[in-house]
Amino acid sequence: MSILIDQISKKYGDHTVVDQVSLDVDDGELVVLLGSSGSGKSTILRLVAGLILPDEGRIMLSGVDITHLPPQRRGLGFVFQNYSIFPNMTIAENIEFGMKIRKVPLRERKARSEHLLELVGLPGMGSRYSSQLSGGQQQRVALARALAYEPPVLLLDEPLGAVDTKTRIQLRQSLKSILKDIGVTTMMVTHDQQEAFELADRVAIMNNGQIEQCGLPGDVYYNPATQFTADFVGDINFFEGRVTASTTEECEIELFGHWPVRRRGSHPFQPGRNVLYGVRPEQIRVSLLEPETYENGIKGVIEKSMFFGDVTRYSIRLDGGSVLDVRVLNYLFIEGMVMPYELNEEVWLIWSQGSGIILADETAPQPNGLSTAS
Amino acid sequence: MNQGKAFYKKISHMLPAGFLVLVLLPLLLLPLASVFIYALRGGLGNLAAALTTTDVLFALRFSLIIAFATAVINTVLGTYAAWVLSKTRFPGREQLGIILNLPVAIPNVVVGTSLLLLWGPIGLFGQVLEPLGIQPMFTPVGVLLAHVFVTFPYMLGTIKPVLDDLETTYEEAAYTMGASRWQTFLHVLFPALKGGLLTGALLTFAHSLGEFGATVMVSGNLRLRTQTAPLYIFSQFESGNIQAANSVAAVLAILSFALFSLILFLAARTGKKGAQRGK
Amino acid sequence: MFGRPLFRWVLRITIVCVVLAVGLWTIWPWLPSQKDRRPRTIVLYGFSILEPVITKGIFPAFQKRWFEQTGQRVELISSFGGSGTVTNQLIMGVPAEVAILSTELDAQRLQKAGVVHGETWKKLPHKGVMNRTPFIIQVRPGNPKRIHDFSGLTQPGVRVVHMDPLTSGAANWAIVAEYGAAVRQPGSGPDAGRAMLLGIWRNVAVQAGSGRAARTQFDSGFGDALITYEQDAIWSRSRGSSRFEIVYPRSTILSEHTVVVIDERVSERQKELVGAFVDFLWSEEAQRIFVRSGFRSVDERLNSLNPQFGHIRDPFFIDDFGGWRKAKLTIIDDTWKNRVVKELKP
Numbered sequence: 008m009s010i011l012i013d014q015i016s017k018k019y020g021d022h023t024v025v026d027q028v029s030l031d032v033d034d035g036e037l038v039v040l041l042g043s044s045g046s047g048k049s050t051i052l053r054l055v056a057g058l059i060l061p062d063e064g065r066i067m068l069s070g071v072d073i074t075h076l077p078p079q080r081r082g083l084g085f086v087f088q089n090y091s092i093f094p095n096m097t098i099a100e101n102i103e104f105g106m107k108i109r110k111v112p113l114r115e116r117k118a119r120s121e122h123l124l125e126l127v128g129l130p131g132m133g134s135r136y137s138s139q140l141s142g143g144q145q146q147r148v149a150l151a152r153a154l155a156y157e158p159p160v161l162l163l164d165e166p167l168g169a170v171d172t173k174t175r176i177q178l179r180q181s182l183k184s185i186l187k188d189i190g191v192t193t194m195m196v197t198h199d200q201q202e203a204f205e206l207a208d209r210v211a212i213m214n215n216g217q218i219e220q221c222g223l224p225g226d227v228y229y230n231p232a233t234q235f236t237a238d239f240v241g242d243i244n245f246f247e248g249r250v251t252a253s254t255t256e257e258c259e260i261e262l263f264g265h266w267p268v269r270r271r272g273s274h275p276f277q278p279g280r281n282v283l284y285g286v287r288p289e290q291i292r293v294s295l296l297e298p299e300t301y302e303n304g305i306k307g308v309i310e311k312s313m314f315f316g317d318v319t320r321y322s323i324r325l326d327g328g329s330v331l332d333v334r335v336l337n338y339l340f341i342e343g344m345v346m347p348y349e350l351n352e353e354v355w356l357i358w359s360q361g362s363g364i365i366l367a368d369e370t371a372p373q374p375n376g377l378s379t380a381s
Numbered sequence: 002m003n004q005g006k007a008f009y010k011k012i013s014h015m016l017p018a019g020f021l022v023l024v025l026l027p028l029l030l031l032p033l034a035s036v037f038i039y040a041l042r043g044g045l046g047n048l049a050a051a052l053t054t055t056d057v058l059f060a061l062r063f064s065l066i067i068a069f070a071t072a073v074i075n076t077v078l079g080t081y082a083a084w085v086l087s088k089t090r091f092p093g094r095e096q097l098g099i100i101l102n103l104p105v106a107i108p109n110v111v112v113g114t115s116l117l118l119l120w121g122p123i124g125l126f127g128q129v130l131e132p133l134g135i136q137p138m139f140t141p142v143g144v145l146l147a148h149v150f151v152t153f154p155y156m157l158g159t160i161k162p163v164l165d166d167l168e169t170t171y172e173e174a175a176y177t178m179g180a181s182r183w184q185t186f187l188h189v190l191f192p193a194l195k196g197g198l199l200t201g202a203l204l205t206f207a208h209s210l211g212e213f214g215a216t217v218m219v220s221g222n223l224r225l226r227t228q229t230a231p232l233y234i235f236s237q238f239e240s241g242n243i244q245a246a247n248s249v250a251a252v253l254a255i256l257s258f259a260l261f262s263l264i265l266f267l268a269a270r271t272g273k274k275g276a277q278r279g280k
Numbered sequence: 249m250f251g252r253p254l255f256r257w258v259l260r261i262t263i264v265c266v267v268l269a270v271g272l273w274t275i276w277p278w279l280p281s282q283k284d285r286r287p288r289t290i291v292l293y294g295f296s297i298l299e300p301v302i303t304k305g306i307f308p309a310f311q312k313r314w315f316e317q318t319g320q321r322v323e324l325i326s327s328f329g330g331s332g333t334v335t336n337q338l339i340m341g342v343p344a345e346v347a348i349l350s351t352e353l354d355a356q357r358l359q360k361a362g363v364v365h366g367e368t369w370k371k372l373p374h375k376g377v378m379n380r381t382p383f384i385i386q387v388r389p390g391n392p393k394r395i396h397d398f399s400g401l402t403q404p405g406v407r408v409v410h411m412d413p414l415t416s417g418a419a420n421w422a423i424v425a426e427y428g429a430a431v432r433q434p435g436s437g438p439d440a441g442r443a444m445l446l447g448i449w450r451n452v453a454v455q456a457g458s459g460r461a462a463r464t465q466f467d468s469g470f471g472d473a474l475i476t477y478e479q480d481a482i483w484s485r486s487r488g489s490s491r492f493e494i495v496y497p498r499s500t501i502l503s504e505h506t507v508v509v510i511d512e513r514v515s516e517r518q519k520e521l522v523g524a525f526v527d528f529l530w531s532e533e534a535q536r537i538f539v540r541s542g543f544r545s546v547d548e549r550l551n552s553l554n555p556q557f558g559h560i561r562d563p564f565f566i567d568d569f570g571g572w573r574k575a576k577l578t579i580i581d582d583t584w585k586n587r588v589v590k591e592l593k594p
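Protein chains in written order, with the working numbering: chain A, 8 to 381; chain B, 2 to 280; chain C, 249 to 594.
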């Protein structure tokens, strides 16, 4: 079943929480709303569920307008961040609650709840109470409960927000496989970018009550439409630059007024245009050797190194005076493929002319000509 | 040396408790004990005789019925008020909360007087109702009205904190699963409130059983019609029948003691459950 | 492992059983099978010292007679308090059908407040007076202060326990008794009365809210003399609760207790029953009961039945002062309140 959100807005007093948002979710698709807290993503989910009503706009479910239907009559499945497992009922009673309301016969209910408990990996736990379960187990019960009455749409509000990191990664995988199995149309809200990328068919990046960009995870990551999106998903180094040449094959940009870099592909920017040029830390390699002609390169001095387990992060001061972050996989050092860098060592930062993001510089020129996201 | 120190330590631990008991003895325990001593002075036979007069039987029954009715009414009203104050948002909510708790702050006698001035035959509403043959004051209905008024905050005070702690997502979860408001109340809110409801009802019952100030104003103190047990005690004490007064006082004391033990027991149990849930 | 749940169940079942038993006991008289046995009722408000004689003597006798005559059971719904308090309650609108007040003064207040229309009590036998009792002086055993008359109360050093005229009907009677005793002395006038009041009230050590409260204070050892109803002293003695002597003044007043039927509150259905009860109050049977419990009957012949009644050489009545309306004005208000009380203030 498909969801269509059409120009929907919600205000609390003077504060606009959701600002004319439109989004459609196809049948069987999993769309993740990714944003920081207060971006309005949870509000959209609650609007779809009918827990709150919009001030403007429409919500359609397979072509039927459900904008003003009470939550009871929408029949959607909702998993709350705190799970909200009813403490006075057993796990099985929790799962059967929606079916009981729908007057499903007892035997059928029992069979279904047992099946669901197996599906979420908690067989035989039906007679327990939520107080006897771990956070991860409660999450799975909440999922089973929301799926019990076979809702056409599943809404997940930060479903993994309340469990520890390790459990979260395990749960992510099992959640993905369960949802794939069932093939239910799903909208999920999270602030965790990895979670979003791992689970989503499409990701919608939310900021200030608006969707900044919606697309495939890879698209959003490598071709962010806005500086916010680029910043929000993953780390990125931004430089202020000016387009010096532009053809259908490539675009040349001058950084700091004297460092030329190239980006392959066609870009809509005319020479002389001020732009932001961004490159992700993992796309940059550090080298003592000069770049090849097909590569971009810039010179700097190692200022700081930080060990992160799988990677080492170097902060490198460029001759423009700005600092840029680079990540180097640690196994490269261990294998002897790269020598560890000393502090104050002069190095080349090199990246492919096929990577790099060019965005229009809408803002006034930044004082240091550089911004770093981390 | 070491032993002496241990002994001193032991004593110093018991000192605060001992002091408390010393203060409480003349303040609480001895007066209560004297009620029983007086009641039993004439022997069990006399006590039984004093407790089985028509007046006493009526007063005790009447008190129990009024207390029960008050508890039932305030369980419904108090729960509704708690729900409104806890789960809905409207301007003036805090002020309303203060107003609803006022009966605790106003002396009961004043409550009785104000009821009389409103509903009594010479009161604002009373004057209008009188010709219609409706006269709530000086009748059991009047007594009930006063008790509902005076004990209203106890239910509210017990239920509201429970509702405040109960996250709205429980209700929302029930709604999304298709449960109506009533079904949500019945299956989700009510079970969570059950302990509080019972405690609140018992508290209301106990307070109603002992209510005097408002009752004496609105009841007309009619034996066999509106005389509650506390009024009977007072009347008998005033006319010098200390034995009769103390017999009923002893019964009331035992009833209240039983009720409050039950309340404490329930409170301890729900407290334990809450802690278990919280882990 | 097994003991605790079992214990818990036993406890639970016990609590439920106890609650059910108390509940059943409570509603027993109101159960349908009991309902047809519920009696008719009369609602009576009376002043305080009447409680024992009405609830234990007069009413059971009436109950019996009514049952013999009609086969109906009748129950008394009653409340007793200070006469002034009862009057105030009646004015507030309590549902009394019959009121018995300690003075006609209170009956007049009811009339003024519109509770009764006109002096309806005057139409009852003996102008509504149900019984009487003289005011006497109660002293400590052996009469250590040698008090033999109201004048004895004016001696310096005598501490008098008196009722408060603001709340007690009896206090009004006592003031008229004190005043009357003085002015009825051969050859004296109103000034003697005022002097007597001044003398006694100079010695009043405590003013009690009601006759009952005054007795309690005297019984607990406070004061040398108590001015009270003869009936109260006799009743008190019959209970053996206090040790004292009764001093009969040479002349004293016989207080007269007024019955008022609140006609407006007597429904058509109740008229006959209430009427029969009120009539019964003046029957020989009822009057004998009053005499036995220390009240003097309105039928002088019956008063010889109680040997405890003392002799009063010069008894007088409120009518000797022109009735309560006048006595209130001249004795209570003009003499006592406006002059004596003011003179006593430092």
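Built from N, CA and C at the ideal position, the CB exists for glycine as well.
Query	Result
May I ask which residues mark the beginning and end of the alpha helix (DSSP H) holding residue 444 (chain C)?	438-450
Show which residues of chain A have a CB atom less than 9 Å away from the CB atom of residue 192 (chain B).	93, 94, 95, 96
What separation, rounded to the nearest whole angstrom, lies between the Cα atoms of residue 381 (chain A) and residue 242 (chain A)?	For residue 381 (chain A), the predicted structure reports a pLDDT of 37, less than 50, and the residue's modelled location is therefore unreliable. A value from the coordinates is still provided. If you take the alpha carbons of residue 381 (chain A) and residue 242 (chain A), they lie about 5 Å apart.
Would residue 236 (chain B) pass as an interface residue toward chain C - the criterion being a Cβ-Cβ separation below 9 Å?	yes
Starting from the Cα of residue 113 (chain A), find the closest Cα among A:123, A:100, A:124, A:125 and give me that residue.	A:100
Suppose the cutoff is 8 Å on Cβ atoms and the five residues either side in sequence are ignored; what does the same chain contact list for residue 573 (chain C) look like?	356
Tell me which residues share the same chain as residue 540 (chain C) and place their Cβ nearer than 8 Å to its Cβ, disregarding the 5 neighbours each side in the sequence.	305, 553, 554
Give the C-beta separation of residue 326 (chain C) and residue 58 (chain B) to the nearest angstrom, bearing in mind that I take them to be a contact with Cβ-Cβ under 8 Å.	Contact doesn't hold; Cβ gap of about 16 Å is too wide.
By the three-class DSSP mapping on this structure, what secondary structure does residue 240 (chain A) have?	coil
Can you look up residue 568 (chain C) in the DSSP assignment and give me helix, strand or coil?	helix
Would you grab the beta carbon distance between residue 542 (chain C) and residue 478 (chain C) for me? Rounded to a whole angstrom, and I think it's under 8 Å.	7 Å
In its own chain, which residues sit with a C-beta less than 6 Å from the C-beta of residue 192 (chain B), not counting the 5 before and 5 after it?	none
Rounded to whole angstroms, how far is the Cβ of residue 411 (chain C) from the Cβ of residue 422 (chain C), which I believe are closer than 8 Å?	6 Å
Taking C-beta pairs closer than 9 Å, name the residues in chain A that residue 163 (chain B) reaches, listed in chain order.	The premise fails here: residue 163 (chain B) is roughly 12 Å from chain A at the closest Cβ pair, so nothing lies under 9 Å.
Tell me which same chain residues have a C-beta within less than 6 Å of the C-beta of residue 175 (chain B), skipping the five on either side of it?	185, 189
If we cut at 9 Å on Cβ distances, does residue 365 (chain A) have a partner in chain B?	no
Give me, in chain order, the residues of the same chain whose beta-carbon lies closer than 7 Å to that of residue 324 (chain A); leave out the 5 immediate sequence neighbours on both sides.	307, 308, 310, 330
Which of the three DSSP states, helix, strand or coil, is assigned to residue 269 (chain A)?	strand
Apart from the five residues just before and just after residue 370 (chain C), which ones in its own chain have a Cβ nearer than 8 Å to its Cβ?	376
From which residue to which residue does the alpha helix (DSSP H) around residue 520 (chain C) run?	519-529
Are the beta-carbon atoms belonging to residue 86 (chain A) and residue 162 (chain A) less than 9 Å from one another?	yes
Could you check the C-alpha separation between residue 252 (chain A) and residue 262 (chain A) for me, to the nearest Å?	13 Å
Bridge partners of residue 320 (chain A), per DSSP?	A:313, A:334
Kindly indicate if chain C contains any beta-carbon less than 9 Å away from that of residue 239 (chain B).	yes
Using C-beta distances below 8 Å, list every residue in its chain close to residue 564 (chain C), excluding the 5 sequence neighbours before and after it, in chain order.	428, 432, 499, 500, 501, 502
Identify, in the order they occur along the chain, each residue of the same chain with its Cβ nearer than 6 Å to the Cβ of residue 280 (chain B), setting aside the five sequence neighbours on each side.	Unreliable positioning characterises residue 280 (chain B) in this predicted model, as indicated by a pLDDT of 33, which lies under 50. The coordinate reading is nonetheless provided below. Nothing meets the Cβ criterion.
Which of the residues in the stretch 93-122 of chain A, read from start to end, lie with their CB under 7 Å from any CB of chain B?	93, 94, 95, 104, 105, 108, 109
Can you pull the DSSP bridge partners for residue 358 (chain A)?	A:303
Check the Cβ-Cβ distances between residue 244 (chain B) and every residue of chain C, and say whether any is below 9 Å.	no
Tell me, please, whether the stretch 209-220 of chain B touches the stretch 38-52 of chain B by the rule of three or more beta-carbon pairs shorter than 8 Å.	no
Would you please verify whether the beta carbon of residue 14 (chain B) is less than 9 Å from any beta carbon of chain A?	no
In the DSSP output, what is residue 209 (chain A) paired with across the bridge?	A:38
Report yes if the CB atom of residue 297 (chain C) is closer than 9 Å to the CB atom of residue 483 (chain C), and no otherwise.	yes
Going by other Cβ atoms of all chains shown within 10 Å of its Cβ, with 16 needed for buried, is residue 265 (chain C) buried or exposed?	exposed
Near residue 81 (chain A), what residues of its chain come up, given a Cβ to Cβ distance below 6 Å and the 5 sequence neighbours on each side ignored?	57, 73
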